Amino acid sequence: MMAYNTLIVLLGTSVLGIAAGITGVFLLLRKRSLLSDAVSHATLPGIAAGFLVALALGLDDGRHLPTLLAGAALSGILGAASVQWLKDRTRLSEDAAIGVVLSSFFGLGIVMLSYIQTLGTGSRAGLDSFLLGQTAALTREETALTALMALAVIVVALSLRKELTLLCFDPVFTAASGWPLQKMDMILMGLMLAVVCTGLKTVGLILVIALLIIPAATARLWTDRLSLMLFLAPLTGGTSAASGALISAHFTSIPAGAMIVLTATLFLAAGFLFSPVHGILIRRRAQA
Numbered sequence: 001m002m003a004y005n006t007l008i009v010l011l012g013t014s015v016l017g018i019a020a021g022i023t024g025v026f027l028l029l030r031k032r033s034l035l036s037d038a039v040s041h042a043t044l045p046g047i048a049a050g051f052l053v054a055l056a057l058g059l060d061d062g063r064h065l066p067t068l069l070a071g072a073a074l075s076g077i078l079g080a081a082s083v084q085w086l087k088d089r090t091r092l093s094e095d096a097a098i099g100v101v102l103s104s105f106f107g108l109g110i111v112m113l114s115y116i117q118t119l120g121t122g123s124r125a126g127l128d129s130f131l132l133g134q135t136a137a138l139t140r141e142e143t144a145l146t147a148l149m150a151l152a153v154i155v156v157a158l159s160l161r162k163e164l165t166l167l168c169f170d171p172v173f174t175a176a177s178g179w180p181l182q183k184m185d186m187i188l189m190g191l192m193l194a195v196v197c198t199g200l201k202t203v204g205l206i207l208v209i210a211l212l213i214i215p216a217a218t219a220r221l222w223t224d225r226l227s228l229m230l231f232l233a234p235l236t237g238g239t240s241a242a243s244g245a246l247i248s249a250h251f252t253s254i255p256a257g258a259m260i261v262l263t264a265t266l267f268l269a270a271g272f273l274f275s276p277v278h279g280i281l282i283r284r285r286a287q288a
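In structure tokens:
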């Protein structure tokens, strides 16, 4: 019999996987998947800053989740803006700008975490779960917050499916037709940031990028149709998140984030081998 708390956490992580799958499809088609890597790493200084603010305000000894997520969101926005600024104002390409922002923000976050550990009133230990994820440490309130944020992402993404599709497939036509291209791009980046912040406590900032990319990539291997991708990606993401969280709950020494990503990778490998559209084995059989 599954424990009630385990069931609640399972539902929360499943909704997160679904939200990541849907958002990841649009990021993949828009060719912005790697930007989420920079944003996820850029959240670390914000988490540390949120801890210091919460500690100063006397909120849960610094571990007040809404304050930590608010700091992560602000830091993630700054990271995304930094990538855009470097790309527009310097001669750096986008991938180089992403590398600069990713490494510098993450390095700053590590320094801040090291400083937090020296404080007599606080400990870094409670923040370690944001690196690799720890579903077992989630309270019911934190799980509810995770599920609500993920549900909000799902609702917004599906409500704007037509607009996001135009943005991904024909941005030139979209802009020429009078659609607010920059605003739509910001909405997509906002959805990505919301998934990253939502997955910090569950998957961890290092591996949440995989939850955004792998389910979408898996769906892309199985089909060329957007409607089917928007079904397969959240199905893969939700199943991977639930399976990984369940395994991590039974084997507490295994980080949830790592297990979720490994499960998703198995789905990707299956698509790589057996997909009737892009699978290696199917293509080799057809050529034989």
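Counted from 1, the sequence shown has number 62 at position 62 by the working numbering; the numbering is strictly sequential. Using N, Cα and C, we set each Cβ at its ideal position, and we do this for glycine too. A quick note: this is a predicted structure, and the numbers were derived from the prediction, not measured.
Here Val153 is buried. Its C-beta has 16 or more other C-beta atoms within 10 Å.
Ranking Leu65, Ile282 and Ser240 by CA distance to the CA of Leu10 puts Ser240 first. Pro255 is a Cβ neighbour of Gly204, given a cutoff of 9 Å. Inter-segment contact for the stretch 46–58 and the stretch 69–82 is present: three or more beta-carbon pairs are separated by less than 8 Å.
Burial is judged here by how many other beta carbons sit within 10 angstroms of a residue's own beta carbon; Pro234 has at least 16 and is buried. Looking only at Val111, Ile18 and Thr23, the smallest Cα-Cα distance to Ile187 is reached by Thr23. In this structure, the beta-carbon distance from Thr218 to Ala264 falls below 9 Å. Under the Cβ criterion (8 Å, minimum of three pairs), the stretch 134–153 does not count as touching the stretch 169–185. With contact defined as three or more Cβ pairs closer than 8 Å, the stretch 13–27 and the stretch 210–224 are in contact. Distance from the Cα of Leu207 is smallest, within the candidate group Leu29, Asp37 and Gly76, for Asp37.
The shortest C-alpha to C-alpha distance from Thr43 to any of Leu232, Phe105, Leu148 and Leu127 is the one to Phe105. An exposed status is given to Phe251, since fewer than 16 other beta-carbon atoms sit within 10 Å of its beta-carbon.
In this structure, His41 sits near Ser103, with a CB-CB distance shorter than 9 Å. Scanning its chain for C-beta atoms nearer than 7 Å, with the 5 sequence neighbours on each side dropped, one finds around Thr67 the residues Gly50, Val53, Ala54 and Leu59, in chain order. Per DSSP, Ala137 lies in no alpha helix (DSSP H) segment and is marked neither H nor E.
With contacts defined by Cβ atoms closer than 9 Å, Val100 and Leu119 do not form a contacting pair. Comparing C-alpha distances from Ser177 to each of Glu163, Gly190 and Glu94 shows the shortest one belongs to Glu163. DSSP, read as helix, strand or coil, puts Lys183 in helix. Approximately 5 Å separates the beta-carbon atoms of Thr135 and Ala245; this is inside 8 Å, confirming the contact. Burial of Thr146 is indicated by the presence of at least 16 other C-beta atoms within 10 angstroms of its C-beta.
Leu212 and Ser82 do not touch by the CB rule: their CB atoms are close to 19 Å apart, not below 8 Å.
Looking from the CA of Leu127, the closest CA among Leu268, Ile47, Ser243 and Gly76 belongs to Ile47. By alpha-carbon distance to Leu166, the top candidate from Leu151, Asp185 and Val155 is Asp185. The DSSP-derived three-state label of Pro255 is coil. No residue range can be given for Gly178, since it is assigned to no alpha helix (DSSP H) and is classified by DSSP as neither H nor E. Each of Ser75, Trp179, Leu148 and Ala210 was checked against the Cα of Leu28, and the nearest Cα belongs to Ala210. Ranking Gly79, Leu57, Ala56 and His64 by CA distance to the CA of Met192 puts Gly79 first. In the DSSP assignment, Lys201 falls outside any alpha helix (DSSP H), carrying neither H nor E. Rounded to the nearest angstrom, the gap between the Cα atoms of Gly109 and Lys183 is 29 Å. Leu281 and Thr223 have their C-alpha atoms some 16 Å from each other. With fewer than 16 other beta carbons inside 10 angstroms of its own, Leu273 counts as exposed.
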